[in-house]
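Residue numbers (our numbering): 2 to 268.
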Ligand code: ADE
């Protein structure tokens, strides 16, 4: 049996996960002492952020990559919670580019074992929706509200103008995940019709929520809206991630770590 990566007596770390390099880069830059441990082809960066023990990792893209990453974090690193940060496509009316969505629950929009099970239900779990941890979701939403109060301070006036980030909002609700980048209006219309309460679409969160549910470990996710999951979804995606989302990710996670669950029990 491999030696545990974290000594048993220490405070269990909090996992910070991103799907894209840029999403995690600003988090790693803010960690003073990160050390990589390679497992399953990924670097798991052990260290501290805001004085708390963390493991930061790039999950890569898609549900299977997310599930693999979550399983390693839970089994090998014994994390006490998993926090996912990244970008998503906005689905609900009013969820605009530059807004932030914090999941209250997550669902796999491409799960369909009908007629054996209802559409979207994960077979043998008896559920389609996996709840996010309410305490961490509240901490992420509070942190996002503070960060979005002054986007120019974080990303600069030019990015605010270019991406029209003048009145960004924080939304809380259903995030749906599937193994497709949704980049046509026809597809996002179909998602809205099937799941009218879905706020945003991405490619990892619901898989990670399911794995965390299996281990009984809190999971929460915060996503910056990079596009509207329509025919223009690919436009400026790379620049948005590099200039806006990566800065939001790090700022929101840092504030949530400062004020979120267990904040007093520092290492
Ligand atoms: N992540 C960011 N935008 C997305 C989209 N349109 N579809 C799926 N995942 C995304």
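Glycine included, every Cβ here is placed at the ideal spot set by N, Cα and C.
**Asked** In or out: residue 109 buried (at least 16 other Cβ within 10 Å) or exposed?
**Response** buried
**Message:** Taking the straight line between their C-alpha atoms, what separation do you get for residue 66 and residue 246?
**Reply:** 21 Å
**Asked** In the structure shown, what three-state DSSP assignment does residue 184 receive?
**Response** coil
**Asked** Closest by CA to residue 209, which one among 136, 73, 262 and 102?
**Response** 73
**Prompt:** Who are the Cβ neighbours of residue 130 in its own chain at under 6 Å, not counting the five residues just before and after it?
**Reply:** 106 and 108
**Message:** Using the three-state DSSP reduction, which class does residue 179 fall into: helix, strand or coil?
**Reply:** coil
**Asked** Who are the near neighbours of residue 36 in its chain, counting only those whose CB is closer than 8 Å to its CB and skipping five residues on each side?
**Response** 46, 47 and 48
**Under the three-state DSSP convention, the category residue 250 falls into** = helix
**Item:** Cα-Cα separation between residue 38 and residue 30, rounded to whole angstroms
**Value:** 17 Å
**Prompt:** For the 8 Å Cβ check, are there 3 or more pairs between the segment 147-157 and the segment 121-129?
**Reply:** no
**Message:** Give me, in chain order, the residues of the same chain whose beta-carbon lies closer than 7 Å to that of residue 83; leave out the 5 immediate sequence neighbours on both sides.
**Reply:** 16, 18, 71, 74, 209, 213, 218 and 220
**Request:** Just mark residue 268 as buried or exposed, buried being the case when its beta carbon has 16 or more other beta carbons within 10 Å.
**Result:** For residue 268, the pLDDT reaches just 44, beneath the cut-off of 50, and the residue's location in the model is therefore unreliable, although a value from the coordinates is still provided. It is exposed - the Cβ of residue 268 has fewer than 16 other Cβ atoms within 10 Å.
**Request:** Measure how close the beta-carbons of residue 155 and residue 248 come, nearest whole angstrom, since I'm counting them as under 8 Å.
**Result:** 5 Å
**Item:** Same chain, Cβ closer than 8 Å to residue 64, five either side skipped, listed in chain order
**Value:** 109, 178, 179, 180, 204, 205, 207 and 208
**Message:** So, at 7 Å on beta carbons, what are the nonlocal neighbours of residue 197 in its own chain, with the 5 sequence-adjacent residues on each side left out?
**Reply:** none
**Request:** State yes or no: is the C-beta of residue 96 nearer than 7 Å to some heavy atom of the ligand ADE?
**Result:** no
**Request:** Run the CB neighbour count on residue 9, radius 10 Å, all protein chains shown included, and call it buried at 16 or more, exposed below.
**Result:** Annotation note: pLDDT 47 at residue 9 (below 50); position unreliable, no value reported.
**Candidates 187, 240 and 175, of which the one nearest residue 163 by Cα** = 240
**Exposure of residue 117, with buried meaning 16 or more beta-carbon neighbours within 10 Å** = exposed
**Request:** Under 6 Å Cβ to Cβ from residue 263, same chain only, skipping five residues before and after it: list those, please.
**Result:** none
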